[in-house]
Amino acid sequence: MANIIIVGCGRVGSQLATLLSQGDGNVCVVDRNAAAFSNLDRNFNGNTLQGVGFDENVLVRAGVEEADVVAAVTQSDNSNLMVIEVARRIFHVPHVIARLYNPARERAYMQLGLDYVCGTSLVAEEIFSKIMSGHGSHLDTFGDFEVLRFSIDLSMTPRGRVKVGDLERNHGIRIIAFERRDGSMSSIPTRDSVLYHGDSVLACIRHDLLNSFSVYMMQR
Numbered sequence: 314m315a316n317i318i319i320v321g322c323g324r325v326g327s328q329l330a331t332l333l334s335q336g337d338g339n340v341c342v343v344d345r346n347a348a349a350f351s352n353l354d355r356n357f358n359g360n361t362l363q364g365v366g367f368d369e370n371v372l373v374r375a376g377v378e379e380a381d382v383v384a385a386v387t388q389s390d391n392s393n394l395m396v397i398e399v400a401r402r403i404f405h406v407p408h409v410i411a412r413l414y415n416p417a418r419e420r421a422y423m424q425l426g427l428d429y430v431c432g433t434s435l436v437a438e439e440i441f442s443k444i445m446s447g448h449g450s451h452l453d454t455f456g457d458f459e460v461l462r463f464s465i466d467l468s469m470t471p472r473g474r475v476k477v478g479d480l481e482r483n484h485g486i487r488i489i490a491f492e493r494r495d496g497s498m499s500s501i502p503t504r505d506s507v508l509y510h511g512d513s514v515l516a517c518i519r520h521d522l523l524n525s526f527s528v529y530m531m532q533r
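If you read the sequence shown in our numbering, its first letter stands for residue 314, the second for the next number, and so on.
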């Protein structure tokens, strides 16, 4: 069972916390603003702690001495860097991940051996995948929507297939394009197009529906 600390409870932090708390991990979310915890989904099954994420005493209270992962996802690159440096250098946390907004710093992070996700392409699932071997590939973000490519898992549906219109209507997503599993054809679908288990799908999904829709995404 993993012990995970998430510093920052904005859109990304709250979604990440919900995703991870549904598994076997012990999750603690830290934010200096207690009101930020209202962003957490009602299905969140973890702990919250108000405080500055790079403060050693706050991290100790969050359980950093037993932590397997610390993810810093605040809106400040400097704060995120301070969090992961304190976590790895002082408390020797084995896996630290930082949210990075400024792509000009990527080279420095790589040289330092820091694990990061650049803010220009960040969603919670990218960090989730680094921690839990998650689903699909994130391509872009448009406001509240994420564009993903993944192999669709229809093993739980009758005969392993579904109409595009039914999938879109029932799950609030839009299928942009698809390719057959064997590469025999690709298409921009109509509502009557049929998807089969294992087909590759390009889809636009509202970020707050990603957790529930992930059952249709094959694990890598």
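For glycine and all other residues, C-beta sits at the position ideal for the given N, C-alpha and C.
Residue i to residue j span [Cα, whole Å]
| i | j | result |
| --- | --- | --- |
| L461 | S527 | 11 Å |
| C431 | G323 | 16 Å |
| S499 | R493 | 6 Å |
| L523 | Y422 | 29 Å |
| N553 | P407 | Since the first residue shown for the chain is 314 and the last is 533, residue 553 is missing from the structure and cannot be characterised. |
| D521 | D457 | 8 Å |
| S506 | V477 | 6 Å |
| G359 | G376 | 12 Å |
Proximity test, residue i beta-carbon vs the ligand HEM heavy atom, cut-off 8 Å
| i | result |
| --- | --- |
| V340 | The model on display carries no ligand, and the ligand HEM is accordingly not part of it. |
Presumed contact (8 Å Cβ cut-off) between residue i and residue j, rounded CB distance
| i | j | result |
| --- | --- | --- |
| F491 | S513 | 7 Å |
| V383 | I486 | In fact, because the Cβ distance is near 32 Å, the residues do not count as touching under 8 Å. |
| V386 | G338 | The Cβ separation is near 16 Å, so there is no contact. |
| L372 | F404 | 7 Å |
| G473 | Y414 | Contact flag wrong, Cβ pair sits at about 41 Å. |
Residue i, buried or exposed, once every other Cβ within 10 Å from all chains shown has been counted against 16
| i | result |
| --- | --- |
| P502 | buried |
| D344 | buried |
| M530 | buried |
| R412 | buried |
| A417 | exposed |
| L480 | buried |
| E369 | exposed |
| S392 | buried |
Range of the contiguous beta strand (DSSP E) that encloses residue i
| i | result |
| --- | --- |
| I501 | Note, I501: premise wrong, no beta strand (DSSP E); not H, not E. |
| L425 | Where L425 is concerned, there is no enclosing beta strand (DSSP E), given that its DSSP letter is neither H nor E. |
Cutoff 9 Å: residue i Cβ touching any chain C Cβ
| i | result |
| --- | --- |
| I501 | Within the model displayed, chain C is absent; a lone protein chain is all it includes. |
Any contact between the region 328 to 338 and the region 347 to 359? By contact I mean 3 or more CB pairs, one from each, below 8 Å. Contact between the region 328 to 338 and the region 347 to 359 is present, because at least three Cβ pairs lie under 8 Å.
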